[in-house]
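Protein chains in written order, with my numbering: chain A, 111 to 324; chain B, 111 to 324. Even for Gly, the Cβ is constructed at its ideal location relative to N, Cα and C. Source: prediction; values computed, not measured.
Number of protein chains: 2
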Amino acid sequence: MTIKKKTKDLILDAAEELFAIRGFYGVSIRQITSKAEVDPALASYHFGKKKDIFEAVMLRRAEVLNRERIQMLDDCIRRAKPNPAPLNEIIDAFTHALLNRSLKGGDGWRSYFAIIAQINNHPELGGVIMSQYFDPLAKKFIAAIQANMPDSQDEDLFWCYHFLSGALTLTFSGTERISKLSAGVCSSSDLDAVHERLVPFITAGFKAFDKQRN
Amino acid sequence: MTIKKKTKDLILDAAEELFAIRGFYGVSIRQITSKAEVDPALASYHFGKKKDIFEAVMLRRAEVLNRERIQMLDDCIRRAKPNPAPLNEIIDAFTHALLNRSLKGGDGWRSYFAIIAQINNHPELGGVIMSQYFDPLAKKFIAAIQANMPDSQDEDLFWCYHFLSGALTLTFSGTERISKLSAGVCSSSDLDAVHERLVPFITAGFKAFDKQRN
DNA sequence: GTCTATAGCTTGATAGAC
DNA sequence: GTCTATCAAGCTATAGAC
Numbered sequence: 111m112t113i114k115k116k117t118k119d120l121i122l123d124a125a126e127e128l129f130a131i132r133g134f135y136g137v138s139i140r141q142i143t144s145k146a147e148v149d150p151a152l153a154s155y156h157f158g159k160k161k162d163i164f165e166a167v168m169l170r171r172a173e174v175l176n177r178e179r180i181q182m183l184d185d186c187i188r189r190a191k192p193n194p195a196p197l198n199e200i201i202d203a204f205t206h207a208l209l210n211r212s213l214k215g216g217d218g219w220r221s222y223f224a225i226i227a228q229i230n231n232h233p234e235l236g237g238v239i240m241s242q243y244f245d246p247l248a249k250k251f252i253a254a255i256q257a258n259m260p261d262s263q264d265e266d267l268f269w270c271y272h273f274l275s276g277a278l279t280l281t282f283s284g285t286e287r288i289s290k291l292s293a294g295v296c297s298s299s300d301l302d303a304v305h306e307r308l309v310p311f312i313t314a315g316f317k318a319f320d321k322q323r324n
Numbered sequence: 111m112t113i114k115k116k117t118k119d120l121i122l123d124a125a126e127e128l129f130a131i132r133g134f135y136g137v138s139i140r141q142i143t144s145k146a147e148v149d150p151a152l153a154s155y156h157f158g159k160k161k162d163i164f165e166a167v168m169l170r171r172a173e174v175l176n177r178e179r180i181q182m183l184d185d186c187i188r189r190a191k192p193n194p195a196p197l198n199e200i201i202d203a204f205t206h207a208l209l210n211r212s213l214k215g216g217d218g219w220r221s222y223f224a225i226i227a228q229i230n231n232h233p234e235l236g237g238v239i240m241s242q243y244f245d246p247l248a249k250k251f252i253a254a255i256q257a258n259m260p261d262s263q264d265e266d267l268f269w270c271y272h273f274l275s276g277a278l279t280l281t282f283s284g285t286e287r288i289s290k291l292s293a294g295v296c297s298s299s300d301l302d303a304v305h306e307r308l309v310p311f312i313t314a315g316f317k318a319f320d321k322q323r324n
């Protein structure tokens with residue numbers, strides 16, 4: 111039943127796990143191929159340069175993720191018609207697939223999100239790689255929020271999106287800081303707990319800029 | 111007038127700037143000493159190992175920062191007595207010194223905060239270094255919030271703090287992503303704009319978990 | 001597709017002269 | 001405190017045999 115994994119995937123799996131912990135520069139090709147139990151020369155044969163391995167890691171899961179998120183957004187817009195979709199459902203559509211994969215997707219997904227968290231907060235790469243993979247989707251979500259808050263100002267909404275992005279990616283980072291800070295009351299890996307709190311928190315934040323309601 | 115900087119500070123300045131852009135592993139000791147225009151051997155003479163340079167960079171600005179923040183918190187608590195301090199003032203006390211230094215503190219401070227953003231989202235270091243330097247202060251702020259929202263649940267507050275931390279540090283990261291996403295409507299470096307929006311956003315988020323108000 | 005072998009660098013760290 | 005010189009190790013990347 112278990113089919114032997116292709117070399118390419120073995121390399122990507124190993125690279126994903128190592129990049130998540132030590133970042134791009136903290137990992138060597140030899141460490142990757144060693145963890146993948148594959149010859150070092152095969153990395154450049156299959157991918158080319160080290161940067162190409164990293165981009166392949168990024169790309170592999172981005173597509174499936176964004177497809178799910180757009181699907182959820184479209185669903186909640188359709189359900190609400192002819193009214194605009196409720197704010198909390200929009201936020202949930204934005205975050206649900208991510209939190210869910212991060213919780214139940216296995217180690218590969220967890221590593222992937224840890225990389226995303228680092229990239230998003232990286233001064234050079236955040237504006238390039240994150241934009242490349244996620245801006246088209248971000249624009250769709252902001253448009254949906256605009257439909258819900260027609261009198262709001264663009265600048266407010268973009269900044270709110272920015273805060274959402276920061277809160278969300280820190281959650282992915284896999285830091286156990288909140289466990290220590292709360293003396294065990296909270297656990298970083300308890301993504302159900304985040305699930306229940308992130309959406310109301312962010313929704314309330316956006317609503318603070320709804321001119322119609324205030 | 112201009113006093114010649116000591117070698118130690120030259121090294122720290124250069125290291126700070128380089129670590130901010132490329133992370134710990136992405137920077138070599140030779141790159142640091144070269145930028146500092148100082149002999150490579152002096153790095154280990156003054157600091158020891160590479161990790162010691164990094165920790166010296168972290169430590170240098172943490173103390174002055176936390177002193178300012180605690181001062182502001184104590185002030186707003188004293189002003190409100192005998193009532194609990196208002197939520198928005200507590201959040202402002204938590205963020206004001208950081209945003210202000212990041213805006214007007216010069217390049218060194220900007221680099222420092224970019225490092226903080228990366229560390230906070232780093233799976234290994236976030237739970238160690240951030241806790242070490244900032245958890246005592248975080249606990250004071252959460253206690254102040256608890257005084258304002260006495261019926262709230264601890265678990266809710268810790269998670270809200272976590273979201274605050276993520277939103278705040280992403281702002282420091284210096285990514286220009288929001289500039290691109292908003293097609294120029296917002297600019298990452300316009301920290302006045304953040305100043306006006308972060309506090310109401312986060313305050314509203316916390317209030318969503320205030321049992322007394324809902 | 002896989003592996004051996006290796007070229008050509010750069011790295012962290014230090015010993016020892018001044 | 002500063003600098004020269006250097007070591008051993010690790011690095012990316014590839015050429016060429018199988």
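>> Is there a C-beta anywhere in chain B that falls below 7 Å from the one on N231(A)?
In response: yes
> Around the C-beta of V304(B), are 16 or more other C-beta atoms found within 10 angstroms, so that it is buried, or is it exposed?
Replying inline: buried
> Below 7 Å between beta carbons: does that hold for A248(B) and L291(A)?
Replying inline: yes
> Which chain A residues sit within Cβ distance under 9 Å of Y135(B)?
Replying inline: R132, G133, F134, Y135, G136 and V137
> So does the region 162-174 of chain A actually touch the region 218-234 of chain A, counting three or more Cβ pairs closer than 8 Å?
Replying inline: yes
> I201(B) versus chain A: which residues are under 7 Å apart at the beta carbon?
Replying inline: Near I201(B) there are no residues of chain A at all, since even the closest Cβ is about 12 Å away, more than 7 Å.
> The alpha helix (DSSP H) spanning F232(A) covers which residue range?
Replying inline: Per the sequence shown, the amino acid found at residue 232(A) is His instead of Phe. No alpha helix (DSSP H) contains H232(A), which DSSP labels as neither H nor E.
> Which residues, in order along the region 164-181 of chain A, keep a beta-carbon less than 7 Å from a beta-carbon of chain B?
Replying inline: none
> How long is the line joining the alpha carbons of R289(B) and Y155(B), rounded to whole angstroms?
Replying inline: The sequence shown places Ser at residue 289(B), rather than the Arg named in the question. In a straight line, the C-alpha of S289(B) is about 43 Å away from that of Y155(B).
> Of the choices G294(B), R287(B), G315(B) and T281(B), whose alpha-carbon is the least far from that of L301(B)?
Replying inline: T281(B)
> Is the shortest distance between the beta-carbon of L291(A) and the beta-carbons of chain B less than 7 Å?
Replying inline: yes
> Which residues bound the alpha helix (DSSP H) around G284(A)?
Replying inline: Taken as a continuous stretch (DSSP letters only), G284(A) belongs to no alpha helix (DSSP H), as it is neither H nor E.
>> Against chain A, which members of the region 239-251 of chain B pass a CB distance test of less than 8 Å?
In response: M240, S241, D245, A248 and K249
> Going by Cα to Cα distance, which pick from P194(B), T313(B) and D162(B) is closest to I239(B)?
Replying inline: D162(B)
> Around the Cβ of K191(B), are there at least 16 other Cβ atoms within 10 angstroms (buried) or fewer (exposed)?
Replying inline: exposed
> What in chain A is Cβ-close to I187(B), meaning under 8 Å?
Replying inline: None at all; the shortest Cβ gap to chain A is about 21 Å.
>> Considering just the uninterrupted stretch of the alpha helix (DSSP H) at Y135(B), what are its terminal residues?
In response: Here Y135(B) belongs to no alpha helix (DSSP H), and DSSP marks it neither H nor E.
> Apart from the five residues on each side of it in sequence, which residues of its chain come closer than 8 Å, Cβ to Cβ, to A207(A)?
Replying inline: L175, E178, R179 and M182
> For the region 176-250 of chain A, which segments carrying the alpha helix (DSSP H) assignment without a break, of at least 4 residues, lie completely within its bounds, in sequence order?
Replying inline: 197-214 and 217-230
> Along chain A, which residues have their Cβ under 9 Å away from the Cβ of I142(B)?
Replying inline: Those within 9 Å of I142(B) in chain A number zero; the least Cβ separation is about 14 Å.
> Should Q228(B) be flagged as near chain A, meaning a C-beta pair shorter than 7 Å?
Replying inline: yes
> Out of curiosity, what's the CA-to-CA distance linking A254(B) and K145(B)?
Replying inline: 44 Å
>> Which residues in chain B have a C-beta closer than 9 Å to the C-beta of P310(A)? List them in chain order.
In response: G315, A318 and F319
> Is the shortest distance between the beta-carbon of I225(B) and the beta-carbons of chain A less than 7 Å?
Replying inline: no
> For chain A, is any of its Cβ atoms less than 7 Å away from the one on F204(B)?
Replying inline: no
>> What would DSSP say about A314(A), mapped onto helix, strand or coil?
In response: helix
> Can you list the residues of chain B that W269(A) reaches, using a CB-CB cut of under 7 Å?
Replying inline: C296, A303, V304 and R307
> alpha helix (DSSP H) containing K145(B): first to last residue?
Replying inline: I139 to K145
>> Residues of the region 271-288 of chain B in Cβ contact with chain A at a cutoff of 9 Å, in chain order, please.
In response: Y271, H272, F273, L274, S275, G276, A277, L278, T279, L280, T281, F282, S283, G284, T285, E286, R287 and I288
> With contact counted as at least three CB pairs below 8 Å, one residue from each stretch, are the region 129-141 of chain A and the region 126-136 of chain B in contact?
Replying inline: yes
>> Counting C-beta neighbours from all protein chains within 10 Å, is the total for E126(A) 16 or more, i.e. buried, or is it exposed?
In response: buried
> Does the Cβ-Cβ distance between L274(B) and I229(B) come in under 7 Å?
Replying inline: no
>> In this structure, how does DSSP classify V148(A) when only helix, strand and coil are distinguished?
In response: coil
>> Quick check: is the beta carbon of E127(B) nearer than 7 Å to any beta carbon in chain A?
In response: no
> DSSP state of R323(B), grouped into three classes?
Replying inline: coil
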